[in-house]
Amino acid sequence: VTYRRREYTVEVAVNSHGLRDPERGYEAPKGTLRVLALGDSFLEGYTVPLEGTVTQVLERGLRAEGCPAQVINGGTQAYSTDQEYLFYRSEGVKYAPQVVAGFFYYNDVVYNARQEYFQTPKPIFEMGGGTLRLHRYPVKPWAPAQAASDAPAVEQPEGGSALLEWLRDRLWYGAPRAYNALARFRLWPPMKKVPIRLELRVYERRKEPLIDDAWAKTQAILRGLGGEVKAQGAQLLLVGIPSRFEVDDRSWNLTRALYGVDEGTWDRGQVMARLRDIAAQEQIPFLDLTAPLRASKEPPYFTYDGHWTAAGHATAA
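Under the numbering used here, residue 391 is the last one in the sequence shown; the count climbs by one each step, no gaps.
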């Protein structure tokens, strides 16, 4: 399939095992290090050509340093940690990786505790007696739903000056305060505050039982995945993918303006801090990508899409 979006046009294909990865068998060539990467759309990387994805860049980098390696892209759009765990159990383990890298994005927390992702059904684990039990599997299909985007979209103009609309668009994404200031002169409608989506509430400073329960389930899933990986003689690595507003200050300002929040109610470093604590408790090595992505010389995220650019994938690798 070809993705034609505002900021990129990319061809995406999957191999005979259903992965966006080069064609390769379950058995690794002799003397080859096998790394299996688990994750969602960030890892699948449909915003860049296959050779630009984090797994392919990492594989080339390891080989260039004299380490014969295969880094398998197990990323699937819309997957949460629970689905990645199930994929490892049923399919990923067949590759006999020595390292399993689990890429974690903030919306994994809430969707690890939900039976659907934007009206698309998914399996779910239930907690009982401190253990996980798989529930609602196999999943019964629902009517297909339109995929939602994490990136907010400025209201479409009804016509007028192309230059004015260009300025409006740039200010809406890059300088929301200036956008609202000029809106007072009736150049365009003021920015509307939008309701806070449930998955974003993981950044709230106040305690929320629903979010705490989702974190507890997330930790149990990571514990289960880590245990099964260890039982195979391999090592789990937890990789934290920061949201764009954790990396880019302009995006943080836009997010605060859209949702009407401030530093007193939200902490954009909270998810990574929680992940770090869980990793320490479960004795899982943890890699936080926030600082390297902040230091990237080229923008690591697209402006409108919100996923990694080629620079973002290269930095993560």
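Ideal Cβ positions, reconstructed from N, Cα and C, are used throughout, including at glycine.
Note that this is a predicted model, so its numbers are computed, not measured.
Compute the Euclidean distance between the alpha carbons of residue i and residue j, then round it to the nearest angstrom.
i: Leu243; j: Gly386; result: Checking the sequence shown, residue 243 turns out to be Asp, not Leu. Their Cα atoms are separated by approximately 23 Å.
i: Glu337; j: Ala305; result: 43 Å
i: Val344; j: Leu272; result: It should be pointed out that residue 344 corresponds to Gln in this sequence rather than to Val. When rounded, the distance between both Cα atoms is 16 Å.
i: Pro269; j: Gln309; result: 40 Å
i: Met346; j: Leu132; result: 22 Å
i: Gly148; j: Thr129; result: 9 Å
i: Ala290; j: Met201; result: 9 Å
i: Ala236; j: Ala255; result: 20 Å
i: Val174; j: Leu296; result: 12 Å
i: His209; j: Gly298; result: 16 Å
i: Phe259; j: Pro212; result: 56 Å
i: Thr205; j: Gln293; result: 11 Å
i: Thr127; j: Arg348; result: 27 Å
i: Glu81; j: Val303; result: 38 Å
i: Trp340; j: Lys104; result: 50 Å
i: Arg350; j: Gly300; result: 15 Å
i: Tyr191; j: Gln157; result: 11 Å
i: Arg134; j: Gly140; result: 10 Å
i: Ala353; j: Asp323; result: 27 Å
i: Gly307; j: Ile146; result: 18 Å
i: Asp92; j: Ala111; result: Checking the sequence, you will find Gly at residue 92 rather than Asp. Approximately 14 Å, taken between the alpha carbons.
i: Ala102; j: Arg163; result: 18 Å
i: Phe161; j: Thr377; result: 31 Å
i: Asn327; j: Gly248; result: 8 Å
i: Glu282; j: Pro215; result: 31 Å
i: Ala225; j: Gly203; result: Below a pLDDT of 50, predicted positions are generally treated as unreliable, and Ala225, at 47, falls in that range; the measurement from the model is reported next regardless. Spanning the two alpha carbons is a distance of roughly 39 Å.
i: Leu238; j: Gln189; result: 44 Å
Apart from the five residues just before and just after residue i, which ones in its own chain have a Cβ nearer than 8 Å to its Cβ?
i: Thr106; result: Pro142, Ala143, Gln144
i: Glu97; result: Asn89, Ser90
i: Ile285; result: Val183, Val184, Arg275, Val276, Glu278
i: Asn137; result: At residue 137 the sequence reads Arg, which differs from the Asn that was named. For Arg137, where only same-chain residues beyond five positions count, the Cβ hits under 8 Å are Ala143.
i: Glu356; result: Gln293, Leu296, Arg297, Gly300
i: Ser370; result: Ala385, Gly386, Thr389
i: Thr76; result: Thr83, Val84, Glu85, Val86
i: Arg280; result: Thr339
i: Met265; result: Trp246, Pro250, Tyr253, Asn254, Ala257, Ala331, Leu332
Return the first residue and the last residue of the beta strand (DSSP E) that residue i is part of.
i: Val313; result: 309–314
i: Glu85; result: 83–85
i: Thr205; result: 205–209
i: Asp362; result: 360–362
i: Arg356; result: Here residue 356 turns out to be Glu, not Arg, going by the sequence shown. That residue, Glu356, is in no beta strand (DSSP E); its alpha helix (DSSP H) goes 344–356.
Which two residues bound the contiguous alpha helix (DSSP H) that contains residue i?
i: Val335; result: Careful: Val335 lies outside any alpha helix (DSSP H) and carries neither H nor E.
i: Thr383; result: No alpha helix (DSSP H) holds Thr383; DSSP gives it neither H nor E.
i: Phe319; result: 318–321
i: Tyr378; result: Per DSSP, Tyr378 belongs to no alpha helix (DSSP H) and is neither H nor E.
i: Leu93; result: Here Leu93 belongs to no alpha helix (DSSP H), and DSSP marks it neither H nor E.
Are residue i and residue j closer than 7 Å when you measure CB to CB?
i: Tyr169; j: Tyr100; result: yes
i: Asp182; j: Thr155; result: yes
i: Tyr253; j: Leu261; result: no
i: Val321; j: Arg251; result: no
i: Glu125; j: Arg94; result: no
i: Pro195; j: Val109; result: no
i: Thr329; j: Pro366; result: no
i: Asp114; j: Tyr153; result: yes
i: Ala392; j: Ala187; result: Outside the shown range of the chain, which is 75 to 391, sits residue 392, and nothing can be said about it.
i: Pro26; j: Leu311; result: Nothing about residue 26 can be read from this structure; the chain reaches only from 75 to 391.
Sorted by chain position, which residues of the same chain lie with C-beta nearer than 7 Å to residue i's C-beta, five sequence neighbours on each side aside?
i: Ile315; result: Phe116, Phe177, Phe178, Tyr179, Leu363
i: Gly79; result: Reading off the sequence, residue 79 comes out as Arg, not Gly. Hits under 7 Å: Asp379.
i: Pro123; result: Val84
i: Arg318; result: Ser325, Tyr375, Gly380
i: Phe199; result: Asp156, Leu206, Arg207, Leu208, His209, Lys291, Ile295
i: Val313; result: Ala175, Gly176, Phe177, Phe178, Leu361, Leu363
i: Pro197; result: Asp156, Gln157, Leu160, Leu208, Arg210, Tyr211, Val213
i: Arg342; result: Tyr277, Phe319, Glu320, Trp326
With a threshold of 7 Å between beta carbons, is residue i in contact with chain C?
i: Asp379; result: In the structure shown, chain C does not exist; there is a single protein chain.
For residue i, I'd like the list of residues in its chain whose CB is within less than 6 Å of its CB, leaving aside the five on either flank, ordered along the chain.
i: Lys267; result: Gly334
i: Glu372; result: Ala385
i: Gly166; result: Leu110, Gly148
Going by the C-beta, is residue i closer than 6 Å to any heavy atom of the ligand MN?
i: Ala390; result: For the ligand MN, the structure offers nothing, since it holds no ligand at all.
What alpha helix (DSSP H) runs, 4 residues minimum, are completely inside the region 105–169?
115–118, 128–138, 155–164
Contained alpha helix (DSSP H) runs [length at least 4] in the region 243–288, N- to C-terminal order:
250–257
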